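Participant: If you scroll down you'll find the structure; I have some questions about it.
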Amino acid sequence: MAPPESPYDPSKAKLEGISRSLDSLALDPYDGKSSSGFNPLRFPGALGTLPMDVMWMILDEIMIGDGPLTYSAICTIRKLSCATNKSISAQMSDYLRTRKSLRYLSGKLGEVKWHPWRDTIWGPMPLDNSRRPYIEPLSIKEDVDTKSNLLTEIICDDCPACFEWVSKRIHGLECSGCNENGWNFVSLAIQAGSLSMLKYFFTKQPETLPLLWSFSNYLSPTIDRPINIFIHGRKVQFIAQLMEFLEPRLTKINCPEAVRNGISETSELNAFTYELSKYRSSLCRFASPYMAEKLKGVGLDLCAFEDAYHAAIFNGRDFLDYLHKNSELPKNNEHWFDGKSPFESAVEENCLESVRWLKRHGGDEIGQMARITLLNKVASQLTDESEVMLQELLSVAEGVMLGHFESARLVRAVVRGLVPFVKAEANKRDAGDSTEGEFLSWKLRQEDRAIRKCALILKVSWKTIAIGGNSVAQDIVPPSTGFTANLAIAIQKFTSASDTAQLAGLQRLASTINRLFI
């Protein structure tokens with residue numbers, strides 16, 4: 117027999133409704149202007165006219181609820197304490213002085229674990245006598261997503277007012293502290309994108325600022341530093357606004373803090389800029405022009421970075437335009453590591469818009485052999501992007517011409533890029549990892565793409581291009597063209613490519629090569 121249902125309690129329903137309404141109050145942002153640093157709540161309605169016992173029942177339900185103290189409860193209680201309605205704020209003051217609320221707050225806030233942050237040039241200082249550099253802490257993303265404890269939740273919800281309220285009730289709580297999982301408050305705020313919390317930390321306790329380039333977690337000095345965290349996050353607007361806030365404060369960085377981290381501070385280079393400069397390439401990959409200007413304000417000029425264009429090809433046209441306008445760097449300089457130009461990198465990474473931008477701005481000036489090598493790489497790929505890229509590179513309208521030898525090399529690259537994959541897919545079919553229908557469908561798509569690539573090559577080859585009214589298809593080719601004059605060698609390569617395709621079961625591709633080029 118089912119237990120009888122509890123009778124409906126209208127007062128409880130009203131209580132829950134009021135609690136939900138209070139919980140949904142919007143947060144008041146930190147503006148740094150009022151004496152307390154926070155805007156008072158202009159609470160609507162006539163809550164202050166409720167009898168005291170009803171009011172206190174509501175407050176018990178909000179704060180105590182099912183037991184654990186939550187950020188939502190603290191935020192609501194704190195806002196009611198700051199209400200412009202004097203009756204409400206007076207009742208709140210009385211309520212927070214009651215034995216029940218004092219005991220509850222004291223107990224729950226006493227359970228909140230945090231640690232003071234202390235580090236040295238060799239790494240974060242452990243909280244006990246034994247060093248623990250190899251303990252694997254909870255990842256910061258997981259910590260932020262789960263909001264592992266009350267302080268983490270407040271920081272992640274970007275509520276400096278609640279942090280201030282709690283800090284008055286947790287003895288010794290510092291802006292430079294860390295949570296029970298070892299993450300300092302600055303790194304948590306950066307991971308969560310809590311700009312108001314960072315402004316609060318750096319204003320309330322300026323000595324917290326060096327934590328930006330210090331360590332993130334006291335359990336391990338090898339974990340990403342806060343600077344790494346916000347660069348990996350790629351939050352463009354967040355970074356720009358943070359740089360704007362930091363600019364007037366960087367000159368006030370305590371020099372011993374910089375020296376302690378192994379960096380000598382000078383008027384040209386401070387510790388923060390030094391750390392940022394290590395990630396210039398990463399920043400160029402996603403920065404907006406606005407963000408770049410704000411970075412310049414803290415001493416990091418992306419336009420002066422020698423490999424800026426190599427990174428900017430992954431960014432987009434707006435940032436490339438910004439570099440073009442503000443940088444004197446050449447657009448075709450070779451990268452210090454791999455010797456490639458920005459254009460070569462853009463082609464290999466299938467950054468089509470960047471390839472087009474570089475072509476319009478003279479960044480595609482590379483040697484003949486480098487261009488042929490690029491074309492071979494693109495021709496051998498089996499993706500839709502490679503087909504579009506090859507079409508961009510072999511533009512008849514731009515006067516692209518290929519000699520018979522170069523055309524043969526490209527056709528051979530198309531075949532050689534496809535055949536190994538055909539064999540691999542056939543082996544998968546034979547092993548039962550795919551069906552005959554799946555294999556044939558895949559082969560048909562790839563063969564069609566290879567045929568279309570051959571047609572693209574034909575359009576700019578010696579077969580269809582004429583120089584000075586004479587067809588380049590003749591054995592005698594003007595030396596000024598740079599084309600190889602031995603047509604027989606090219607025919608051998610075409611024949612070899614056709615035979616290779618035939619042996620791989622690509623009859624249509626083999627037939628196309630014979631018909632178009634031989």
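Residue numbers (the numbering used here): 117 to 634.
No residue lacks a Cβ here, since even glycine has one placed at the ideal position from N, Cα and C.
Here the structure is a predicted model, which is why all the values come from computation and not from measurement.
#1: Do the stretch 615–631 and the stretch 511–519 touch if we need at least three Cβ pairs shorter than 8 angstroms?
#2: For C294, does the three-state DSSP call read helix, strand or coil?
#3: Where does the unbroken alpha helix (DSSP H) through A462 begin, and where does it stop?
#4: State the start and end residues of the unbroken alpha helix (DSSP H) segment that holds M485.
#5: Once DSSP output is grouped into helix, strand and coil, what is the label at W281?
#6: Going by other Cβ atoms of all chains shown within 10 Å of its Cβ, with 16 needed for buried, is N543 buried or exposed?
#7: Any idea if I605 is buried or exposed, counting beta-carbon neighbours within 10 angstroms, 16 or more meaning buried?
#8: Apart from the five residues just before and just after C272, which ones in its own chain have a Cβ nearer than 6 angstroms to its Cβ?
#9: In terms of alpha-carbon separation, which member of K569, G479, E554 and D546 lies closest to A529?
#10: Which word fits I634, buried or exposed, when buried means at least 16 other C-beta atoms lie within 10 angstroms of its C-beta?
#11: Give me the DSSP bridge partner(s) of H348.
#12: Under the rule that 16 or more other beta-carbon atoms within 10 Å means buried, what is S222, buried or exposed?
#13: Considering only the beta carbon of each residue, do I573 and V527 sit closer than 8 angstroms?
#14: Can the beta-carbon of F317 be found less than 8 angstroms from the beta-carbon of A305?
#15: Less than 7 angstroms between C-beta atoms, sequence neighbours within five positions excluded: which residues of the same chain meet that for H426?
#16: Thinking S393 and L416 are a contact (beta carbons under 8 angstroms), I'd like their distance in whole angstroms, please.
#17: Among all the DSSP beta bridges, which residues are the ones paired with Q630?
#18: Give the range of the alpha helix (DSSP H) segment to which C570 is assigned.
#19: Return the chain-ordered list of same chain residues with a C-beta closer than 6 angstroms to the C-beta of S58, the five sequence neighbours on each side being excluded.
#20: Which one or two residues does DSSP pair with W230 in a beta bridge?
#21: With C-beta atoms as the reference, is I190 less than 8 angstroms away from C278?
#22: Alpha carbon to alpha carbon, what distance is there between L439 and N412?
#23: Looking at K447: is its Cβ nearer than 8 angstroms to the Cβ of G478?
#24: Identify the residues that DSSP records as bridge partners of N300: which are they?
#25: Beta-carbon within less than 7 angstroms of I567's beta-carbon, same chain only, minus the 5 sequence neighbours each way: which residues are those?
#26: Classify T551: buried if its beta carbon has 16 or more other beta carbons within 10 angstroms, exposed otherwise.
#27: Let me confirm a value: A571 is counted as buried when at least 16 other C-beta atoms fall within 10 Å, else exposed. Which label applies?
#28: So what does N333 bridge to, in DSSP terms?
#29: Quick one: what does DSSP say L254 is sitting in, helix, strand or coil?
#30: May I have the straight-line CA-CA distance separating G553 from M407, to the nearest angstrom?
#31: May I ask you to report which of helix, strand or coil DSSP gives F62?
#32: Quick one: Cα of K609 to Cα of H520, how far?
#33: With distances taken Cα to Cα, identify the nearest neighbour of S612 among V494, V538, K257 and V531.
#34: Determine, using beta carbons only, whether I93 and F346 come nearer to each other than 8 angstroms.
#35: Roughly how many angstroms separate the alpha carbons of T489 and L366, rounded to a whole number?
#36: Under 8 angstroms between the Cβ atoms of N466 and E508?
Facilitator: By the coordinates alone:
#1: No: fewer than three Cβ pairs fall under 8 angstroms.
#2: For C294, the secondary structure class from DSSP, reduced to helix, strand or coil, is strand.
#3: Element bounds for A462: P458 to E464.
#4: Here the alpha helix (DSSP H) through M485 covers Q484 to S496.
#5: Helix at W281.
#6: By the neighbour-count criterion, in which a residue is buried when 16 or more other Cβ atoms sit within 10 angstroms of its Cβ, N543 is exposed.
#7: By the neighbour-count criterion, in which 16 or more other beta carbons inside 10 Å mark a residue as buried, I605 falls on the exposed side.
#8: Correct list, in chain order: V260, K263 and A308.
#9: Nearest Cα to A529 within the set K569, G479, E554 and D546: K569.
#10: Under this definition I634 is an exposed residue.
#11: For H348, which the question treats as bridged, DSSP gives no partner whatsoever.
#12: Exposed.
#13: Cβ distance < 8 angstroms, so I573 and V527 count as in contact.
#14: Using a Cβ distance threshold of 8 angstroms, F317 and A305 count as a contacting pair.
#15: Excluding the 5 residues flanking it on each side, H426 has same chain C-beta neighbours closer than 7 angstroms at H451, P458 and S461, in chain order.
#16: Cβ-Cβ separation between S393 and L416: approximately 6 angstroms, consistent with a contact (criterion under 8 angstroms).
#17: It is Asn, not Gln, that sits at residue 630 in the sequence shown. Per the DSSP secondary-structure output, N630 pairs with nothing in a beta bridge.
#18: Looking at the DSSP string, the run of the alpha helix (DSSP H) that includes C570 is E552 to K575.
#19: Lying before the first or after the last residue shown, residue 58 is absent from the chain, which here runs from 117 to 634.
#20: Partner(s): N295.
#21: Yes; because the gap between Cβ atoms is below 8 angstroms, this pair is in contact.
#22: As written in the sequence, residue 412 is Lys, which differs from the Asn given in the question. K412 and L439 have their C-alpha atoms roughly 13 angstroms apart.
#23: In terms of Cβ geometry, K447 and G478 form a close pair [threshold 8 angstroms].
#24: According to DSSP, N300 bridges with C294.
#25: Sequence-distant partners of I567 (beyond 5 residues in either direction) whose C-beta falls short of 7 angstroms from its own C-beta, in its chain, are R624, L625 and T628.
#26: In the assembly as shown, T551 is an exposed residue. Its beta-carbon has fewer than 16 other beta-carbons within 10 Å.
#27: Here A571 is exposed. Its C-beta has fewer than 16 other C-beta atoms within 10 Å.
#28: DSSP output for N333 lists W299 as bridge partner(s).
#29: It is coil, neither helix nor strand.
#30: Using only the alpha carbons, I get a separation of about 51 angstroms.
#31: Residue 62 cannot be examined here, being either before or after the span of the chain that is shown, 117 to 634.
#32: Between K609 and H520, the C-alpha separation is close to 10 angstroms.
#33: Closest by C-alpha distance to S612, out of V494, V538, K257 and V531, is V531.
#34: Since the first and last residues shown for the chain are 117 and 634, residue 93 lies out of range.
#35: One C-alpha to the other measures close to 48 angstroms.
#36: Contact flag unset, no.
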